[in-house]
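Trainee: Structure provided below as structure tokens; questions to follow.
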Amino acid sequence: MKNLLQSLAVKTREQKVLLFKSALPVLLAVAGLSMVSVGIGMIFAPAGVITGGLSLLLLEQRTDKGEEGRS
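Convert by adding 205 to the 1-based position in the sequence shown; the result is the number in the working numbering.
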């Protein structure tokens, strides 16, 4: 939790740009999978739930990798 708060406490413009650039692919992947899960969920509900769960798992694993690298 402390690492997360430290990463959010960026001070310079360059640090903000680097933080945004590193988080952008993950945000796009999660947003894309969320849209796919909604589309699938309208057709077949259990598949939508599975796809949504996978997108959350992807985000959690990516966040864990980032915290391990900073330690």
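Glycine included, every Cβ here is placed at the ideal spot set by N, Cα and C.
(1) Would glycine 257 pass as a contact of serine 239 if the rule is Cβ separation under 9 Å?
(2) Which residues in the same chain have their Cβ closer than 6 Å to the Cβ of leucine 264, if we skip the five residues on either side of it in sequence?
(3) Roughly how many angstroms separate the alpha carbons of leucine 261 and threonine 217, rounded to a whole number?
(4) With DSSP run on the structure shown, which of helix, strand or coil describes phenylalanine 225?
(5) Mind reading off the beta-carbon distance from arginine 267 to valine 241? Whole number of angstroms is fine, and I expect it under 8 Å.
(6) What's the gap between the Cα of glutamine 220 and the Cα of proline 251?
(7) Does the distance from the CB of glycine 246 to the CB of valine 254 come in under 9 Å?
Mentor: Looking at the atomic coordinates:
(1) The residue you call residue 257 lines up with position 52 of the sequence shown. The residue you call residue 239 lines up with position 34 of the sequence shown. Yes; because the gap between Cβ atoms is below 9 Å, this pair is in contact.
(2) Within the sequence shown, the letter at position 59 stands for residue 264. Val235.
(3) Position 56 of the sequence shown holds residue 261. Position 12 of the sequence shown holds residue 217. Put simply, the backbone Cα of leucine 261 is about 30 Å away from that of threonine 217.
(4) Along the sequence shown, one-based indexing puts residue 225 at 20. Judged by DSSP in its simplified three-state form, phenylalanine 225 adopts helix.
(5) For the purposes of this step, residue 267 is taken as residue 62 along the sequence shown, with counting starting at 1. For the purposes of this step, residue 241 is taken as residue 36 along the sequence shown, with counting starting at 1. Actually they are not in contact, since the Cβ atoms of arginine 267 and valine 241 sit about 18 Å apart, beyond 8 Å.
(6) Here residue 220 refers to the residue found at position 15 when the sequence shown is read from its first residue. Here residue 251 refers to the residue found at position 46 when the sequence shown is read from its first residue. Answer to the nearest angstrom: the Cα atoms are 41 Å apart.
(7) Residue 246 sits at position 41 when you count from the first residue of the sequence shown. Residue 254 sits at position 49 when you count from the first residue of the sequence shown. Taking 9 Å as the cut-off, the beta carbon of glycine 246 is found closer than this to the beta carbon of valine 254.
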